[in-house]
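First comes the structure, then the notes that go with it.
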Amino acid sequence: MGMRYSAICFDLFHTLVDVATVPANVGAATADVLEVDQGQWNDACFSSVHEICEVTEHQDVVQQLAHSIDKNISLRKIEKATQSRQARFDYALAQVENEIIEQIQSLRNSGVKTVLVSNASSGEVSAWKDSPLASCFDEVIFSCECGMAKPDPGIYQLALNKLGVTANQALFVGDGGSQEHEGARAVGLSPVLMKKFTWDNLSKEELRLRAMFADYEIYHIGDLQPIVHVE
């Protein structure tokens with residue numbers, strides 16, 4: 120069995136883990152604690168207000184995001200929201216589906232190199248070292264540590280350089296948020312749209328727009344095997 124691709128760059132959130140699926144007893148949703156609209160909170164998180172290219176304190180990030188929506192949100196609410204948000208992100212990184220771990224390890228065992236490329240602020244990935252995913256990658260790149268974020272071509276090139284491969288040898292697998300597939304394609308990577316965590320949460324129109332920049336579309340991570348390998 121041969122390989123079409125010798126390396127895979129993976130997105131993290133909404134691709135391999137999803138904070139939205141964390142049980143409410145772990146921590147309430149941040150928007151609920153702050154008493155703001157969920158859509159407004161999501162928009163703030165994906166805006167330039169969210170500092171993801173520098174090391175930050177989680178509470179400072181939550182405060183900046185919250186006050187971009189409503190400057191009157193109290194410090195007490197922000198403190199409570201930060202604690203809850205930290206618990207939810209930590210849980211998501213700890214409780215990873217077995218299939219995802221097994222499939223990535225299977226790809227690695229077949230000779231595929233793997234790198235994680237994630238847009239994340241410091242608090243969101245502070246529990247990474249204890250995650251079962253941490254042992255699944257040859258290299259790990261977080262925007263808050265490297266100073267670049269998707270879709271900046273530089274972060275994809277950094278991933279390729281770390282693995283020692285060229286763009287035409289690699290896939291980029293992600294949910295398509297933050298224009299990550301456009302950035303991947305611009306560098307020469309083959310984008311794969313993974314819809315496991317977005318299929319039920321995004322509109323058909325949004326899914327269609329994200330698919331425009333993908334060479335492949337998959338639902339389960341196991342669907343990568345026939346893309347990577349050639350009989």
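Using my numbering, you'd call the opening residue of the sequence shown number 120 and step up by one each time.
The beta carbon of each residue, even a glycine, is placed where N, CA and C say it ideally should be.
Keep in mind it's a predicted model, so treat the numbers as computed, not measured.
Asked, Found
"Entirely enclosed alpha helix (DSSP H) segments - the stretch 200 to 276, minimum 4 residues", "217 to 228 and 262 to 265"
"Span separating the alpha-carbon of residue 242 from that of residue 205", "7 Å"
"Helix, strand or coil at residue 337 [DSSP, three-state]", "strand"
"Residue 348, DSSP secondary structure in three states", "strand"
"Complete runs of the alpha helix (DSSP H) confined to the stretch 299 to 330 [at least 4 residues]", "299 to 306 and 323 to 330"
"Assumed close pair residue 128, residue 244 - CB separation to whole angstroms, cut-off 8 Å", "So it is not a contact: roughly 16 Å between Cβ atoms."
"Cβ neighbour criterion (16 or more within 10 Å) applied to residue 138", "buried"
"Closest by C-alpha distance to residue 144, when choosing among 207, 193 and 339", "207"
"Residues of its chain near residue 298, where Cβ-Cβ distance is below 6 Å and the 5 sequence neighbours each way are ignored", "270"
"Of the listed residues 240, 310 and 275, nearest to residue 165 (C-alpha basis)", "240"
"Collapsed DSSP secondary structure at residue 135 in the structure displayed", "coil"
"Best match in 278, 186 and 336 for proximity to residue 234 [C-alpha to C-alpha]", "278"
"Three-state secondary structure (DSSP) of residue 152", "helix"
"Extent of the continuous beta strand (DSSP E) run through residue 290", "289 to 293"
"Alpha-carbon spacing of residue 339 relative to residue 226, whole angstroms", "14 Å"
"Any non-hydrogen atom of the ligand MG within 7 Å of residue 239 CB", "Absence of the ligand MG is noted for the structure shown, with no ligands found whatsoever."
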